[in-house]
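Undergrad:
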Amino acid sequence: MKSTTAQPARPIGEALLNRNRFRLLGLTPDEIIKYFFNGNAVVAIVVLALITIFLFREGAGFFGQNMRNLRIYRLAGLEYVDFIRRQVDEHTALNRALNESRLAQFTKLTAAGKTVEQANEGLTPFDAFATAFGDSVEDVRGVLSDLTEAATAIKQKEQVNHDRLEQKGMLLGAGKAEEAEKITVTPVDFAAETVTLKGAFPAYQEANRQFAAKLGAALASAPAMPDAKLQRQIDAVKAKGQALIAAIPGTERAMQAWRHDEPIPLSRSLTSFLFGRQWLTASFWQDWYGILPLFVGSLLVSLIALAIAVPLGISAAIYVSEIASVREKNIIKPYIEFISAIPSVVLGFFGVAVLGSALRALSQLSFLSWFPGFPMSERLNSLTAGCLLALMAVPTIFSLAEDAINNVPKHFKEASYALGANRFQTIARILVPASLSGIISAILLGFGRVIGETMVVLLCAGNRIAIPDFTEGLGAFFQPVHTMTGIIAQEMGEVVNGSIHYRALFMVGIMLFLLSLAINYVAQIIVRRYRISIG
Amino acid sequence: MSAHPFKAQQTSARSVERVAFGIFRAATYFILLCATCIFGTIVFKGAGTVFQTKAPFINVPFLSQAPETLFVFEHEGVKLKMGDREFRKFKEDHNLQDIAAESYVYSSGGIWPCIVGTVLLVVGSMAISLFIGISSAIYLNEYSTHGRFVTFLRLAILNLAGVPSIVFGLFGLGLFVVFMPVLQNFDNPAVASLPVGFGHYLNFSGWNVCLLSGWFTLAFMALPVVITASEESLKAVPMGFREGSLALGATKWQSIRTNVLPYALPGMLTSSILGIARVAGETAPIMFTAAYVVRDKMPWDVERPLDMLFQGVMALPYHIYVVSSKIPQNEYTERVQYGSAFVFLFIVMGIALTSIVLRIKMRSRYRW
Numbered sequence: 030m031k032s033t034t035a036q037p038a039r040p041i042g043e044a045l046l047n048r049n050r051f052r053l054l055g056l057t058p059d060e061i062i063k064y065f066f067n068g069n070a071v072v073a074i075v076v077l078a079l080i081t082i083f084l085f086r087e088g089a090g091f092f093g094q095n096m097r098n099l100r101i102y103r104l105a106g107l108e109y110v111d112f113i114r115r116q117v118d119e120h121t122a123l124n125r126a127l128n129e130s131r132l133a134q135f136t137k138l139t140a141a142g143k144t145v146e147q148a149n150e151g152l153t154p155f156d157a158f159a160t161a162f163g164d165s166v167e168d169v170r171g172v173l174s175d176l177t178e179a180a181t182a183i184k185q186k187e188q189v190n191h192d193r194l195e196q197k198g199m200l201l202g203a204g205k206a207e208e209a210e211k212i213t214v215t216p217v218d219f220a221a222e223t224v225t226l227k228g229a230f231p232a233y234q235e236a237n238r239q240f241a242a243k244l245g246a247a248l249a250s251a252p253a254m255p256d257a258k259l260q261r262q263i264d265a266v267k268a269k270g271q272a273l274i275a276a277i278p279g280t281e282r283a284m285q286a287w288r289h290d291e292p293i294p295l296s297r298s299l300t301s302f303l304f305g306r307q308w309l310t311a312s313f314w315q316d317w318y319g320i321l322p323l324f325v326g327s328l329l330v331s332l333i334a335l336a337i338a339v340p341l342g343i344s345a346a347i348y349v350s351e352i353a354s355v356r357e358k359n360i361i362k363p364y365i366e367f368i369s370a371i372p373s374v375v376l377g378f379f380g381v382a383v384l385g386s387a388l389r390a391l392s393q394l395s396f397l398s399w400f401p402g403f404p405m406s407e408r409l410n411s412l413t414a415g416c417l418l419a420l421m422a423v424p425t426i427f428s429l430a431e432d433a434i435n436n437v438p439k440h441f442k443e444a445s446y447a448l449g450a451n452r453f454q455t456i457a458r459i460l461v462p463a464s465l466s467g468i469i470s471a472i473l474l475g476f477g478r479v480i481g482e483t484m485v486v487l488l489c490a491g492n493r494i495a496i497p498d499f500t501e502g503l504g505a506f507f508q509p510v511h512t513m514t515g516i517i518a519q520e521m522g523e524v525v526n527g528s529i530h531y532r533a534l535f536m537v538g539i540m541l542f543l544l545s546l547a548i549n550y551v552a553q554i555i556v557r558r559y560r561i562s563i564g
Numbered sequence: 055m056s057a058h059p060f061k062a063q064q065t066s067a068r069s070v071e072r073v074a075f076g077i078f079r080a081a082t083y084f085i086l087l088c089a090t091c092i093f094g095t096i097v098f099k100g101a102g103t104v105f106q107t108k109a110p111f112i113n114v115p116f117l118s119q120a121p122e123t124l125f126v127f128e129h130e131g132v133k134l135k136m137g138d139r140e141f142r143k144f145k146e147d148h149n150l151q152d153i154a155a156e157s158y159v160y161s162s163g164g165i166w167p168c169i170v171g172t173v174l175l176v177v178g179s180m181a182i183s184l185f186i187g188i189s190s191a192i193y194l195n196e197y198s199t200h201g202r203f204v205t206f207l208r209l210a211i212l213n214l215a216g217v218p219s220i221v222f223g224l225f226g227l228g229l230f231v232v233f234m235p236v237l238q239n240f241d242n243p244a245v246a247s248l249p250v251g252f253g254h255y256l257n258f259s260g261w262n263v264c265l266l267s268g269w270f271t272l273a274f275m276a277l278p279v280v281i282t283a284s285e286e287s288l289k290a291v292p293m294g295f296r297e298g299s300l301a302l303g304a305t306k307w308q309s310i311r312t313n314v315l316p317y318a319l320p321g322m323l324t325s326s327i328l329g330i331a332r333v334a335g336e337t338a339p340i341m342f343t344a345a346y347v348v349r350d351k352m353p354w355d356v357e358r359p360l361d362m363l364f365q366g367v368m369a370l371p372y373h374i375y376v377v378s379s380k381i382p383q384n385e386y387t388e389r390v391q392y393g394s395a396f397v398f399l400f401i402v403m404g405i406a407l408t409s410i411v412l413r414i415k416m417r418s419r420y421r422w
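First to last, the protein sequences are chains A and B. For the first sequence, the working numbering assigns the number 30 to the initial residue and increments by one for each residue that follows. For the second sequence, the working numbering assigns the number 55 to the initial residue and increments by one for each residue that follows.
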């Protein structure tokens with residue numbers, strides 16, 4: 030007999046598995062949910078990519094603009110004038126050194142009980158020498174100021190042309206061809222313009238002759254002072270003054286060989302940023318965007334912070350994980366975690382309001398005066414910022430180092446005790462070496478946190494854009510610096526969008542970004558490669 | 055009779071141990087001491103501004119007024135200090151036209167707009183970052199399988215955590231402030247704009263300095279912390295919970311919704327809060343994206359509700375930066391400087407402390 034029941038279209042098993050579910054774009058609800066979460070997770074990658082893209086989008090234009098900046102520096106003859114300027118600047122620096130020595134000597138004399146008149150009288154020969162020294166450069170200075178005006182005028186012309194061209198381009202872009210026609214741009218004839226600069230060369234040579242003669246006479250008449258220190262300083266100035274005279278023919282030769290149309294290699298745009306020793310903006314003469322002083326400042330402050338934070342953080346990690354009682358542990362750990370939540374701007378404010386003055390008062394104590402660099406001349410300097418940054422780095426270093434020490438297998442410790450080692454020997458010879466990779470990566474991540482910190486350095490580092498004078502030894506740690514993070518925070522609010530200065534700040538941001546990625550990368554490598562295999 | 059043979063002997067190793075442990079302990083307590091000093095100074099000096107000895111014991115004007123310029127001047131042999139409005143009224147009343155007065159900006163009045171701005175910034179960025187962060191953590195812990203994509207994702211999260219805050223600020227400036235499209239309906243569109251119909255254009259001119267830019271910048275900054283914290287608490291839910299639910303025929307999402315999230319969510323929220331406290335304390339990312347030095351109107355004084363998102367706010371951390379760097383340190387400015395620092399510290403530390411306490415409580419509640 031034939032069955033009348035209709036056979037199911039599909040086998041039962043298949044029908045059970047392939048239930049006729051709701052689908053959207055071929056996806057079941059579960060899959061949609063999964064992709065929703067997946068999509069959210071991708072945000073992390075997208076953000077990282079966007080950071081890279083937008084930093085480079087804003088920063089990349091810097092190279093073109095900097096190239097133009099450097100090119101005009103040469104074309105308009107500013108470079109030519111700077112030969113003279115350097116000479117005058119060196120002389121001014123020596124003159125300043127003389128003035129400082131006089132002031133120091135004067136303070137010393139009055140402190141020794143002499144009246145102001147007596148002290149001044151004792152210094153009369155010195156003053157005569159200093160005046161002669163200072164006046165010797167006047168002729169050269171006159172030539173310099175004339176040429177400065179001339180070169181600035183050429184640069185100004187070029188700038189006006191550039192602005193007109195931009196305006197014309199904008200008008201053409203907006204379809205206003207007639208108005209664009211009205212703007213006439215006559216290109217600057219740099220060859221002709223710089224000829225007038227070079228025409229001043231004989232006058233400069235003459236001024237140099239005067240300078241050499243006067244300076245030589247001044248140096249020859251340098252007085253012998255009774256004070257040994259002052260005499261040493263005078264001798265140093267004498268030696269440097271002779272060097273100045275000796276350098277004159279070299280400068281003249283270089284100026285004669287200088288040509289306004291000598292091409293500038295493209296790489297100069299990058300190297301003048303990476304290795305430039307000057308960050309000088311909004312200047313009447315020439316802007317320089319060299320990251321070196323900022324980088325050195327960041328590094329110096331970070332090193333001070335790490336020098337304080339590493340011993341403290343690691344000692345605390347060892348103490349908490351191995352020595353402290355459970356009750357101590359339960360207080361110390363959350364407290365240090367709590368420190369990491371102190372807003373950096375509050376720490377910075379504390380530095381401005383309290384710590385800076387306190388440290389300077391400490392450095393002025395007379396029994397500490399043997400310490401190099403004491404007393405500090407500035408309230409806000411790299412040490413103030415470093416101390417506060419140390420407090421920010423401690424929680425990072427502490428918690429990561431503590432994790433690393435806790436992760437050392439228990440039987441390492443037990444084996445050490447079984448061999449008769451005491452607790453300190455076990456810590457020093459077993460636990461710390463075994464967790465060294467973790468501790469080093471903790472230090473690196475602490476370094477990353479410190480070098481990327483903004484508000485504390487902005488408020489407390491003193492914000493003087495100059496490479497610290499490392500010839501002063503330890504005194505370099507008490508000089509004000511400016512940092513990469515600080516310069517962005519300070520100047521970004523005041524620059525015009527799209528200007529070279531704006532793009533230079535983005536370039537500094539790119540450097541910071543790459544630096545943080547590099548630090549992270551090295552920390553991971555160290556953890557992965559040097560971890561002691563737990564067996 | 056000699057001492058018993060197992061008595062601890064005084065060896066050099068033992069004295070080295072004692073000295074070393076002493077140093078470790080001293081270092082640990084030195085850290086705590088430094089932190090306490092900072093808290094102490096700010097609380098002690100700030101409390102003078104925020105609290106008062108008379109009822110209602112809290113200095114209400116400081117918390118409820120906008121910042122004003124402080125004028126210090128001498129009148130009839132008495133040294134007086136007044137806020138801007140009061141000073142003007144005083145001049146009119148006493149008919150004084152040109153009286154010599156020292157002025158200190160922001161040193162009078164209060165910090166109410168800054169508190170409001172900070173709360174708005176934190177709440178908005180917290181919502182965005184919790185939403186994205188928790189979803190990411192669910193994906194990473196529940197759905198993802200080991201593979202190249204997940205390794206890459208984790209690497210991205212790790213690296214994102216190390217990016218300096220000022221770089222986030224630059225990113226926010228480059229993306230949200232000067233690039234993000236805004237909908238506009240004028241007839242003459244700018245060069246870089248996309249028509250979207252109905253006479254409207256997407257104009258890539260950026261959102262400008264506004265609340266929305268600040269929200270996203272801060273949210274992305276908090277993201278790594280939120281993801282890591284949320285994943286930790288998802289991991290803490292035992293596998294058996296999921297397996298039991300799946301064995302009863304629930305779909306994956308059903309088992310996550312009913313058997314995982316209810317147990318993990320409190321932990322996720324509390325440990326994320328610590329990250330949020332840190333973000334709330336940041337100044338650098340909002341300097342160019344959301345914060346104004348001074349703004350007369352309150353955020354809700356706008357024509358359309360949506361405009362609220364497209365305007366800058368005053369924020370406490372930025373205000374503290376301004377008052378500690380742009381005005382001198384003296385007896386007249388101290389009030390607002392320490393007062394703002396104290397209120398800000400109080401808010402941020404309050405959030406952090408809640409998180410830490412809740413987490414300790416949470417640990418003892420769930421034990422499987």
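In this text, a Cβ means the ideal position worked out from N, Cα and C, and glycines have one as well.
Thinking C-alpha only, which one of B:416, B:263, B:224 and B:258 is nearest residue 236 of chain B?
TA: As a position in the second sequence, residue 236 of chain B is number 182, starting the count at 1. The shortest Cα separation from residue 236 of chain B among B:416, B:263, B:224 and B:258 belongs to B:258.
Undergrad: Here's a check: name, in chain order, each residue in its chain whose Cβ is nearer than 6 Å to the Cβ of residue 200 of chain A, leaving out the five neighbours to either side.
TA: Locating residue 200 of chain A in the first sequence gives position 171, counting from the first residue. If we look at residue 200 of chain A and ignore the five residues flanking it on each side, its Cβ neighbours are 208 and 209.
Undergrad: Using C-beta distances below 7 Å, list every residue in its chain close to residue 274 of chain A, excluding the 5 sequence neighbours before and after it, in chain order.
TA: The sequence position of residue 274 of chain A within the first sequence is 245, counting from 1. For residue 274 of chain A, where only same-chain residues beyond five positions count, the Cβ hits under 7 Å are 241, 244 and 245.
Undergrad: Assuming residue 510 of chain A and residue 350 of chain A make a contact with CB atoms under 8 Å, what is their CB distance in whole Å?
TA: Counting from one through the first sequence, the residue named residue 510 of chain A turns up at place 481. Counting from one through the first sequence, the residue named residue 350 of chain A turns up at place 321. Their Cβ separation, rounded to whole angstroms, is 36 Å, which puts residue 510 of chain A and residue 350 of chain A out of contact at 8 Å.
Undergrad: Express the C-alpha separation of residue 352 of chain B and residue 136 of chain B in angstroms, rounding to a whole number.
TA: Position 82 of the second sequence holds residue 136 of chain B. Position 298 of the second sequence holds residue 352 of chain B. Answer to the nearest angstrom: the Cα atoms are 23 Å apart.
Undergrad: Indicate whether at least one CB of chain A lies closer than 8 Å to the CB of residue 207 of chain B.
TA: Position 153 of the second sequence holds residue 207 of chain B. Yes, its Cβ sits closer than 8 Å to a Cβ of chain A.
Undergrad: Would residue 386 of chain B count as contacting chain A if we go by Cβ distances under 8 Å?
TA: Walking along the second sequence from the start, residue 386 of chain B turns up at place 332. False, the Cβ-Cβ gap to chain A never drops below 8 Å.
Undergrad: Our contact map puts residue 96 of chain B next to residue 105 of chain B with C-beta atoms below 8 Å; I'd like the distance itself, whole angstroms only.
TA: Counting from 1 along the second sequence, the entry for residue 96 of chain B is found at position 42. Counting from 1 along the second sequence, the entry for residue 105 of chain B is found at position 51. Not confirmed; about 14 Å, so no contact.
Undergrad: Starting from the beta carbon of residue 261 of chain B, find every residue of chain A whose beta carbon is closer than 9 Å, and list them in chain order.
TA: Translated into the one-based positions of the second sequence, residue 261 of chain B becomes position 207. What residue 261 of chain B touches in chain A: nothing, since even the nearest Cβ is about 14 Å away.
Undergrad: Where does residue 162 of chain B sit, in a helix, a strand or coil, going by DSSP?
TA: Along the second sequence, one-based indexing puts residue 162 of chain B at 108. DSSP places residue 162 of chain B in strand when its eight states are reduced to three.
Undergrad: Which ranges would you report for the alpha helix (DSSP H) in the stretch 64-105 of chain A if only whole runs of at least 4 residues count?
TA: Within the stretch 64-105 of chain A, the complete alpha helix (DSSP H) segments at least 4 residues long are 90-104, listed from N- to C-terminus.
Undergrad: Please confirm if the stretch 97-107 of chain A is in contact with the stretch 214-231 of chain A, defined as three or more CB-CB distances below 8 Å between the two stretches.
TA: yes
Undergrad: Beta-carbon within less than 8 Å of residue 311 of chain B's beta-carbon, same chain only, minus the 5 sequence neighbours each way: which residues are those?
TA: Here residue 311 of chain B is taken as the residue at index 257 of the second sequence, counted from 1. Closer than 8 Å at the Cβ level, and outside the excluded window around residue 311 of chain B, lies no residue.
Undergrad: Along the beta strand (DSSP E) that carries residue 304 of chain A, what are the first and last residues, could you check?
TA: As a first step, residue 304 of chain A is located in the first sequence; it is residue number 275 there, counting from the start. Premise fails: residue 304 of chain A is in no beta strand (DSSP E) and is neither H nor E.
Undergrad: Locate the beta strand (DSSP E) running through residue 257 of chain B, then write down its first and last residues.
TA: Translated into the one-based positions of the second sequence, residue 257 of chain B becomes position 203. Taken as a continuous stretch (DSSP letters only), the beta strand (DSSP E) holding residue 257 of chain B covers 254-257.
Undergrad: Within the same chain, show all residues whose beta-carbon is closer than 8 Å to that of residue 342 of chain B, passing over the 5 residues directly before and after it, in chain order.
TA: As a working note, residue 342 of chain B is residue 288 in the second sequence. For residue 342 of chain B, where only same-chain residues beyond five positions count, the Cβ hits under 8 Å are 223, 224, 226, 227, 231 and 263.
Undergrad: Are the beta-carbon atoms of residue 153 of chain B and residue 127 of chain B separated by less than 8 Å?
TA: For this step, residue 153 of chain B is matched to residue 99 along the second sequence. For this step, residue 127 of chain B is matched to residue 73 along the second sequence. In this structure, residue 127 of chain B lies closer than 8 Å to residue 153 of chain B by Cβ.
Undergrad: Rounded to whole angstroms, what is the Cα-Cα separation between residue 550 of chain A and residue 375 of chain A?
TA: As a position in the first sequence, residue 550 of chain A is number 521, starting the count at 1. As a position in the first sequence, residue 375 of chain A is number 346, starting the count at 1. Distance between the alpha carbons of residue 550 of chain A and residue 375 of chain A: 31 Å.
Undergrad: Nearest chain B C-beta to residue 477 of chain A closer than 8 Å, yes or no?
TA: Numbered from its first residue, the first sequence carries residue 477 of chain A at position 448. Yes, because at least one Cβ of chain B sits closer than 8 Å to the Cβ of residue 477 of chain A.
Undergrad: Within 8 Å of any Cβ in chain B, is that where the Cβ of residue 524 of chain A sits?
TA: Within the first sequence, numbered from 1, the residue matching residue 524 of chain A stands at position 495. False, the Cβ-Cβ gap to chain B never drops below 8 Å.
Undergrad: For residue 371 of chain B, which of B:332, B:355 and B:133 has the nearest alpha-carbon?
TA: On the second sequence, position 317 is the one that residue 371 of chain B refers to. Of the candidates B:332, B:355 and B:133, the one whose C-alpha sits nearest the C-alpha of residue 371 of chain B is B:332.
Undergrad: Would you mind working out which of B:234, B:304 and B:347 sits nearest residue 271 of chain B, comparing C-alpha positions?
TA: Stepping through the second sequence from its first residue, residue 271 of chain B is reached at position 217. The residue with the shortest Cα to Cα distance from residue 271 of chain B is B:234.
Undergrad: Taking only beta-carbon atoms, is residue 195 of chain A less than 8 Å away from chain B?
TA: Counting from 1 along the first sequence, the entry for residue 195 of chain A is found at position 166. It does not; no Cβ of chain B falls within 8 Å.
Undergrad: Given a threshold of 16 other Cβ atoms within 10 Å of its Cβ, counted over all protein chains shown, does residue 63 of chain A qualify as buried or as exposed?
TA: Counted from its first residue, the first sequence places residue 63 of chain A at position 34. By the Cβ-count criterion, residue 63 of chain A is buried, with 16 or more other Cβ atoms from all chains shown falling within 10 Å of its own Cβ.
Undergrad: Give a yes or no on whether the minimum CB-CB distance between residue 521 of chain A and chain B is below 8 Å.
TA: For the purposes of this step, residue 521 of chain A is identified with residue 492 of the first sequence, where counting begins at 1. With 8 Å as the cut-off, residue 521 of chain A counts as an interface residue toward chain B.
Undergrad: Is the stretch 319-337 of chain A touching the stretch 477-484 of chain A, taking contact as three or more C-beta pairs under 8 Å?
TA: yes
Undergrad: On a CA-only basis, which of A:407, A:427 and A:444 is nearest residue 504 of chain A? Give me that one, please.
TA: Residue 504 of chain A sits at position 475 when you count from the first residue of the first sequence. Minimum Cα distance to residue 504 of chain A is reached at A:407.
Undergrad: Would the beta-carbon of residue 571 of chain A fall within 8 Å of that of residue 211 of chain B?
TA: The requested residue 571 of chain A does not occur in the structure, where chain A is confined to residues 30 to 564.
Undergrad: I want to know whether the stretch 298-307 of chain A touches the stretch 112-125 of chain A - three or more CB-CB distances under 8 Å.
TA: no
Undergrad: Between the C-alpha atoms of residue 95 of chain A and residue 548 of chain A, what's the straight-line distance to the nearest angstrom?
TA: Walking along the first sequence from the start, residue 95 of chain A turns up at place 66. Walking along the first sequence from the start, residue 548 of chain A turns up at place 519. One C-alpha to the other measures close to 29 Å.
Undergrad: Take residue 131 of chain A as the anchor and find which of A:256, A:518 and A:331 has the nearest alpha-carbon.
TA: Here residue 131 of chain A refers to the residue found at position 102 when the first sequence is read from its first residue. Answer by Cα proximity: A:256.
Undergrad: Please list the residues of the stretch 358-387 of chain A that have a C-beta atom closer than 8 Å to any C-beta atom in chain B, keeping them in chain order.
TA: Those would be 361, 363, 364, 365, 366, 367, 368, 369, 370, 371, 372, 373, 374, 375, 376, 377, 378, 379, 381, 382 and 383, in chain order.
Undergrad: Would you list, in chain order, the members of the stretch 265-276 of chain B that have their beta-carbon closer than 9 Å to a beta-carbon of chain A?
TA: 274
Undergrad: Relative to the C-alpha of residue 432 of chain A, which candidate in A:293, A:346, A:196 and A:507 has its C-alpha closest?
TA: The count along the first sequence starts at 1 and reaches residue 432 of chain A at position 403. Ranking the options by Cα distance to residue 432 of chain A, first place goes to A:346.
Undergrad: Does the Cβ of residue 262 of chain A have 16 or more other Cβ atoms within 10 Å, making it buried, or fewer, making it exposed?
TA: As a first step, residue 262 of chain A is located in the first sequence; it is residue number 233 there, counting from the start. Burial call: buried.
Undergrad: In the DSSP assignment, the alpha helix (DSSP H) including residue 291 of chain A goes from what residue to what residue?
TA: Here residue 291 of chain A refers to the residue found at position 262 of the first sequence. No alpha helix (DSSP H) contains residue 291 of chain A, which DSSP labels as neither H nor E.
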